[in-house]
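Per the numbering used here, residue 83 is the first one in the sequence shown, and the count goes up by one each step. As structure tokens, the structure follows; a few thoughts come after it.
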Amino acid sequence: QMQEQALRVLGALYHVMIQSMEAMQMALKMEQVSSLRGLAADMLALSTRQEEISAMIPPDLRNLRSQELIRSQHRVQKATVRVHENLSQLMDEAPNRIMRLLKKLDALIEEMGTSLRAMEENRSQIARLHARESLAAANRMVISLLTEAQMAGGSGGSSGKPMPSMGEQLQK
């Protein structure tokens with residue numbers, strides 16, 4: 083009889099341990115979703131700054147205002163590198179998908195670098211072209227990050243409420 087009671091206690095402990103592990107996994111998943119959404123928000127802000135830069139590139143880059151434009155592009159590129167660094171910290175959960183996102187960010191950073199070099203060389207047409215390409219890539223990155231956040235979070239939230247659509251997330 084003591085053996086049966088010990089088995090019941092052991093079974094109950096096992097059940098509690100399984101529930102705790104599931105709760106920890108859910109917490110980690112929600113933390114990753116939160117991180118991905120935060121990175122998407124950061125990229126959206128960088129996209130807005132990139133759009134401003136694209137619109138401000140003058141036909142002639144030799145004037146004084148161009149130096150501020152070059153500094154702005156450099157700051158946006160550096161901030162994108164920080165997004166890359168933060169995203170790389172999320173590799174544990176879905177390494178293949180995160181690696182694809184990191185490669186997209188690498189391409190975006192390179193595109194920004196091409197725009198920056200063209201600005202420094204007073205090649206305004208090329209600078210404008212690559213700044214616009216950077217803007218498009220940044221917008222695609224926002225969508226990719228939100229998609230990954232939705233995939234990481236599963237089909238619905240833990241509260242039973244459906245996950246907001248990507249459009250709603252972009253508006254936030």
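Glycine included, every Cβ here is placed at the ideal spot set by N, Cα and C.
Cβ-heavy atom distance, residue i to the ligand MN, below 8 Å
| i | result |
| --- | --- |
| A218 | No copy of the ligand MN appears in this structure; indeed no ligand is present at all. |
Cβ separation of residue i and residue j, assumed to be a contact under 8 Å, to the nearest whole Å
| i | j | result |
| --- | --- | --- |
| L121 | M138 | With 8 Å as the limit, L121 and M138 do not qualify as a contact, their Cβ atoms being about 26 Å apart. |
| G187 | L169 | The sequence as given places Leu at residue 187; Gly does not occur at that position. Right, the Cβ-Cβ distance comes to about 7 Å (below 8 Å), so this counts as a contact. |
| M125 | L227 | 6 Å |
| Q132 | S216 | 5 Å |
Outcome for residue i when other beta-carbon atoms lying within 10 angstroms are tallied against a minimum of 16
| i | result |
| --- | --- |
| V91 | exposed |
| V115 | buried |
| E104 | exposed |
| T162 | buried |
| L183 | buried |
| L146 | Caution applies to L146, whose pLDDT of 48 falls short of 50 and renders its modelled position unreliable; the value that the coordinates give is listed next. Exposed is the call here. |
| R153 | exposed |
Option nearest residue i by Cα separation, candidates the options
| i | options | result |
| --- | --- | --- |
| A213 | I100, L190, A234 | L190 |
| R205 | S148, E230, S154, K111 | S148 |
| E192 | T229, S117, A209, M99 | A209 |
| Q159 | A231, Q85, M194 | M194 |
Whole runs of the alpha helix (DSSP H) within the stretch 154-229, excluding any shorter than 4 residues: Complete alpha helix (DSSP H) runs here, min 4: 177-202.
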